[in-house]
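To keep things clear, I will list the structure first and then write my remarks on it.
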Amino acid sequence: MQLLDRMLSEIIQKQKDNDFEYEGDRNEAGERHGHGKARLPNGDTYEGNYQSGKRHGQGIYKFKNGARYMGEYIKNKKHGQGTFIYPDGSRYEGEWADDQRHGHGVYYYVNNDTYTGDWFAHQRHGQGTYFYADTGSKYVGTWVNGQQEGAAELVHLNHRYQGKFMNKNPVGPGKYVFDIGCEQHGEYRLTDTERGEEEEEEETLITIVPKWKATKITDLALWTPTLAEEQPPTEGPGQEEVVGIEGAEPQSDTPEGYEGEMDMLRPLGEDQDIYPEEAGEYGYDLDQGEGRQGEGARGRGMLGRGAPGRGARVWGAPG
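Using the UniProt record's numbering, count along the sequence shown one by one with no gaps and you end on 319.
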């Protein structure tokens, strides 16, 4: 009996503590239910709808580092339509599922690049268009696990390349279509770059460079891409149903009463979380874009390719 009284006393005290951090509606059980405003111990804030103690419906979640999410929640997770603004100023507008960018959406990068298309488990996956603001060029085609892979078209200012990509590189048969009214057919072959003796001594990865080999020039013809059968990623929301069997209560990874954003973080208990100063561990996934891997796409074509900080490799017009 004493144990039961002590447990009841702790519950009442916990509700009083929550009242200090929360202003809004509650249900008969004392849970946050309806519209309310919460101030979290870590400095984050949430204002919006609750259902049975969890964020559910429309809401605005503001991180202490300036990031914020405005959109739909289902049982404490971002799910539905929503906009996430990241600390660097980039933002994502589109669909969410199980706390991840999933479905159709647009990502606006700080260098003014944009990606518009399909997402799967936080990654660009499916059909999408990446626009390079630095050159005005764009990649229109297939993405797999965040990489340019499959049938695609690279559209430049006065010409375009049509073919297949693998691991961000053009590979196999393709053609360059020029605005002057002709096409150059050929294929890309992957070759290793030659390195000097000093470079050989360094422990560096071998760089694979696609080289174009032209075979013929013809008049313009209609291009119809042959799309490979899409393979879903090995991980992501698609591996588990967000909604369980009808009539059964779905299991949640979020502890009861938890009030912090949970993306990629370990639950530590009620109203507790880890909030280091790295964006990748703030409970969200910042997309890096295509133009951030080098110094941008410059020169004869576009599509920067290369190791970070070492400049960009360019797939432009054939030499």
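Glycine residues also receive a C-beta, built at the ideal position from the N, C-alpha and C atoms.
One or two residues paired with Leu190 in a DSSP bridge:
Pro210
In three-state DSSP terms, what is Glu23?
strand
State the DSSP-derived secondary structure class of Gly48, mapped to helix, strand or coil.
strand
Given Tyr115 as reference, the closest of Asp25, Tyr92 and Asp99 once Cα atoms are compared:
Tyr92
Residues that DSSP places opposite His185 in a beta bridge
Lys175 and Lys216
Taking the alpha carbon of Gly174 as the reference point, which residue from Phe165, His79 and Gln58 has its own alpha carbon closest?
Phe165
Neighbourhood of Leu220 by C-beta, 8 Å cutoff - its chain only, sequence neighbours within 5 removed
Val177, Gly181, Cys182 and Glu183
With respect to the beta strand (DSSP E) encompassing Val140, which residues constitute its N-terminal and C-terminal limits?
Lys138 to Val144
Would you mind sorting residue 402 into buried or exposed? The rule is 16 or more other CB atoms within 10 Å of its CB.
Absent from the structure is residue 402, since the part of the chain shown begins at 1 and ends at 319.
Per DSSP, which one or two residues make a beta bridge with Phe165?
Gly150 and Pro170
Take Asn167 as the anchor and find which of Ile60, Ala214, Val144 and Glu187 has the nearest alpha-carbon.
Val144
Pro170 classed as buried or exposed, judged by whether at least 16 other C-beta atoms fall within 10 angstroms:
buried
So Lys213 and Gly186 are in contact, right, with Cβ under 8 Å, and what is the actual spacing, rounded?
5 Å
Can you tell me the Cβ-Cβ gap for Gly136 and Thr142, rounded? I've got them flagged as a contact below 8 Å.
Not a contact, Cβ separation roughly 22 Å.
One question on the structure: do Ala97 and His79 come within less than 7 Å of each other, judged by their Cβ atoms?
yes
Using the Cβ count rule (16 or more neighbours within 10 Å means buried), how would you classify Gln288?
exposed
Suppose only complete runs of 4+ residues qualify. What are the alpha helix (DSSP H) ranges in the segment 48-133, listed by chain order?
none
How big is the Cα-Cα spacing for Tyr109 and Tyr130?
11 Å
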